[in-house]
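Okay, so here's the structure we're looking at.
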Amino acid sequence: MKKINLIKKLEEYAVFNLKTLKQIIEKDSNYSKLVIYRLKKDRLILEIEKNKYTVNKDALIVASNIIWPCYISFWSALRYHNFTEQLPQVIEVITTRARKKREIKFSNTKIIFTRIKPKYFFGYKKEKHQNFNIFIADKEKALLDSALFKKVSFSEICSIVKDNINEVDKELIVGYLIKIRNKALAKRFGFLLDRLGINKSKELRKFIDYKYVPLDYSLKAKGVKNKQWKVIDNVGF
């Protein structure tokens, strides 16, 4: 198969490996490895990691197709949903599978993988991005993931929710909180929604115990204690 035709065929894949190439050119492993070597040498394909290649330079597409199951979340998803103007220096991927490498570098972009328990693996959707499918957290789950795994300060989350209150599905947030069943997370978001005029104490009451938690886990636990939500407002929100 001519190089130009092979590259056009490989452009159909977000990520491919040796097996994919063997099926396309219908050759054995040794010959296929030689083809990959030559394509890499001519800079016609990019190596992502061992036995994973692409002709695509969009790191978002590549990050979403390296491992399965996975979805993009944290700052990367918040930026995708236009919840922040900050341009993340990394693309953050959530997966339930273990990886030897938690970080890889691709096309000047760092891709970081965070392994989570299967019970937290929900709240994402498939979207079309430059003719490829990517999997990304919805707005509400991106916010909750960011707080649950402490990837974004809760001060910043408060600001994001306040500035985008009409873009956020409050009922979905509460439904996700009930599904996640994390007391500290429920208290923080219950307090936040309450301060924004959305009282969800009835739905989240079962998560409120005697223990106080700081509103922002990245700051010292000093501030006014909110008795209803058992939250120490160390943000002054």
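Residues in the sequence shown are numbered from 2 upward in steps of one, following the numbering used here.
Where is the CB? At the ideal position from N, CA and C, for every residue including glycine.
Status (buried if at least 16 other CB within 10 Å, exposed otherwise) for residue i
{"i": "Pro215", "result": "buried"}
{"i": "Leu22", "result": "buried"}
{"i": "Gly237", "result": "exposed"}
{"i": "Asp170", "result": "exposed"}
{"i": "Ala99", "result": "exposed"}
{"i": "Asn66", "result": "buried"}
{"i": "Ala222", "result": "exposed"}
{"i": "Phe123", "result": "exposed"}
{"i": "Ser33", "result": "buried"}
{"i": "Asp139", "result": "buried"}
{"i": "Tyr38", "result": "exposed"}
{"i": "Leu35", "result": "exposed"}
Spatially closest choice to residue i from the options, by CA coordinates
{"i": "Ala78", "options": "Lys58, Arg39, Ile135, Leu35", "result": "Ile135"}
{"i": "Glu128", "options": "Asn52, Leu61, Glu50", "result": "Leu61"}
{"i": "Ser160", "options": "Phe150, Ser202, Gly176, Leu194", "result": "Leu194"}
{"i": "Gly224", "options": "Asp234, Tyr218, Gly176", "result": "Asp234"}
{"i": "Asn18", "options": "Lys3, Asp43, Ile68", "result": "Ile68"}
{"i": "Asn167", "options": "Gly198, Asn6, Ser65, Lys9", "result": "Gly198"}
{"i": "Val56", "options": "Phe190, Ser33, Glu27, Phe107", "result": "Phe107"}
{"i": "Leu40", "options": "Lys126, Ile8, Asp139", "result": "Ile8"}
{"i": "Lys142", "options": "Asn52, Val175, His130", "result": "Val175"}
{"i": "Glu12", "options": "Pro119, Leu47, Lys188", "result": "Leu47"}
{"i": "Lys207", "options": "Asp139, Arg80, Ala187", "result": "Ala187"}
{"i": "Met2", "options": "Glu27, Leu35, Val16", "result": "Glu27"}
{"i": "Leu173", "options": "Ala185, Gly191, Lys184", "result": "Gly191"}
{"i": "Tyr14", "options": "Arg189, Pro119, Gln131", "result": "Gln131"}
{"i": "Val63", "options": "Asn183, Phe133, Leu220", "result": "Phe133"}
{"i": "Lys53", "options": "Lys203, Val16, Glu204, Asn31", "result": "Val16"}
{"i": "Asp164", "options": "Thr85, Lys4, Asn31, Lys20", "result": "Thr85"}
{"i": "Lys184", "options": "Arg196, Asn200, Glu204", "result": "Glu204"}
CB of residue i within 8 Å of CB of residue j, strictly
{"i": "Asp111", "j": "Gln90", "result": "As written in the sequence, residue 111 is Lys, which differs from the Asp given in the question. It is a contact, given that the beta carbons lie within the stated cut-off."}
{"i": "Ile137", "j": "Ser147", "result": "no"}
{"i": "Lys226", "j": "Asp210", "result": "no"}
{"i": "Tyr125", "j": "Tyr72", "result": "yes"}
{"i": "Glu267", "j": "Lys120", "result": "Given a span of 2 to 238 for the chain in the structure shown, any question on residue 267 remains unanswerable."}
Rounded distance between the beta-carbons of residue j and residue i, thought under 8 Å
{"i": "Thr115", "j": "Ile92", "result": "That pair is no contact at about 11 Å."}
{"i": "Leu149", "j": "Ile181", "result": "7 Å"}
{"i": "Phe75", "j": "Val162", "result": "With a Cβ gap of about 15 Å, Phe75 and Val162 do not count as contacting."}
{"i": "Tyr213", "j": "Phe155", "result": "Not quite, the Cβ-Cβ distance comes to about 14 Å (not below 8 Å), so this is no contact."}
{"i": "Glu104", "j": "Ile117", "result": "Their Cβ separation, rounded to whole angstroms, is 16 Å, which puts Glu104 and Ile117 out of contact at 8 Å."}
{"i": "Ile25", "j": "Lys10", "result": "5 Å"}
Residue i CB to nearest heavy atom of the ligand FMN below 7 Å
{"i": "Val56", "result": "Ligands in the displayed structure: none, and consequently the ligand FMN is not present."}
(request) Ignoring anything shorter than 3 residues or poking outside the region 48 to 128, list the beta strand (DSSP E) runs there in chain order. (result) 53 to 55, 71 to 73, 91 to 96, 104 to 107, 110 to 116
(request) Ignoring anything shorter than 4 residues or poking outside the region 145 to 182, list the alpha helix (DSSP H) runs there in chain order. (result) 155 to 164, 171 to 181
(message) For a minimum of 3 consecutive residues, which ranges assigned as the beta strand (DSSP E) are wholly contained in the region 21 to 47?
(response) none
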